[in-house]
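Visitor:
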Amino acid sequence: MVKEINTKFLEKLEEFEVVGEASNIKEAKEKIDKSKVDLILLDVFLPDGKGLDLLKWIRLKEINIDTILITADKCKASVDEAFKYGAVDYLIKPFKFERFKEALSNYKDRFFEMKNIDNINQEYID
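In the working numbering, the protein residues as written are 169 to 294.
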């Protein structure tokens, strides 16, 4: 049900396209290995483990995928770990569509800016 809600939210944002869905870590790894993905919307709680373990696996394999966590996990340690492993945002359920839209909009802006820049200066980072 949560996956369907996130998909409906994404469908309201024309700039994004759902290219795949996975219900567990094993399925997610298979899809990641087979296709080019720019962004994953990831839950911490999955049937076969923690989404944070998938995020660690992505980083260990040096796969260039950005991640936004969407989860009911309010544990500070999980939030810290998500950002430590490069999550671009962390949304705690339940959240409003506007917050979801903000997270995706911020991601989109940064993604396209970074794609079009060869050299970055401190002013840009600030």
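We put the CB at the ideal spot given by N, CA and C, even for glycine.
Starting from the C-beta of residue 205, find all residues in its chain whose C-beta is less than 6 Å away, skip the five residues before and the five after it, and write them out in chain order.
Guide: Along the sequence shown, one-based indexing puts residue 205 at 37. These residues qualify, in order along the chain: 233.
Visitor: Closest by CA to residue 227, which one among 244, 238, 213 and 252?
Guide: Start at 1 with the first residue of the sequence shown, and residue 227 comes out as number 59. Per the Cα distances, 252.
Visitor: Should the stretch 198-212 be regarded as contacting the stretch 180-189, the criterion being three or more beta carbon pairs within less than 8 Å?
Guide: As far as the Cβ criterion goes, the stretch 198-212 touches the stretch 180-189, which means the pair count is three or higher.
Visitor: Can you look up residue 292 in the DSSP assignment and give me helix, strand or coil?
Guide: Locating residue 292 in the sequence shown gives position 124, where the first residue counts as 1. Here residue 292 sits in helix by DSSP.
Visitor: Please report the distance separating the alpha-carbon of residue 243 from that of residue 277.
Guide: Stepping through the sequence shown from its first residue, residue 243 is reached at position 75. Stepping through the sequence shown from its first residue, residue 277 is reached at position 109. Cα to Cα, residue 243 sits roughly 28 Å from residue 277.
Visitor: Start and end of the beta strand (DSSP E) containing residue 234?
Guide: Your numbering for residue 234 matches position 66 in the sequence shown. Looking at the DSSP string, the run of the beta strand (DSSP E) that includes residue 234 is 234-239.
Visitor: For residue 267 and residue 259, what's the separation of their Cα atoms in angstroms?
Guide: As a first step, residue 267 is located in the sequence shown; it is residue number 99 there, counting from the start. As a first step, residue 259 is located in the sequence shown; it is residue number 91 there, counting from the start. Rounded to whole angstroms, residue 267 to residue 259 spans 8 Å at the Cα level.
Visitor: Measuring only the C-alpha atoms, how far is residue 179 from residue 270?
Guide: The count along the sequence shown starts at 1 and reaches residue 179 at position 11. The count along the sequence shown starts at 1 and reaches residue 270 at position 102. The alpha-carbon atoms of residue 179 and residue 270 are separated by roughly 15 Å.
Visitor: Under the DSSP definition of a beta bridge, which residues are partnered with residue 218?
Guide: Within the sequence shown, the letter at position 50 stands for residue 218. The partner list for residue 218 (beta bridge, DSSP) reads 213.
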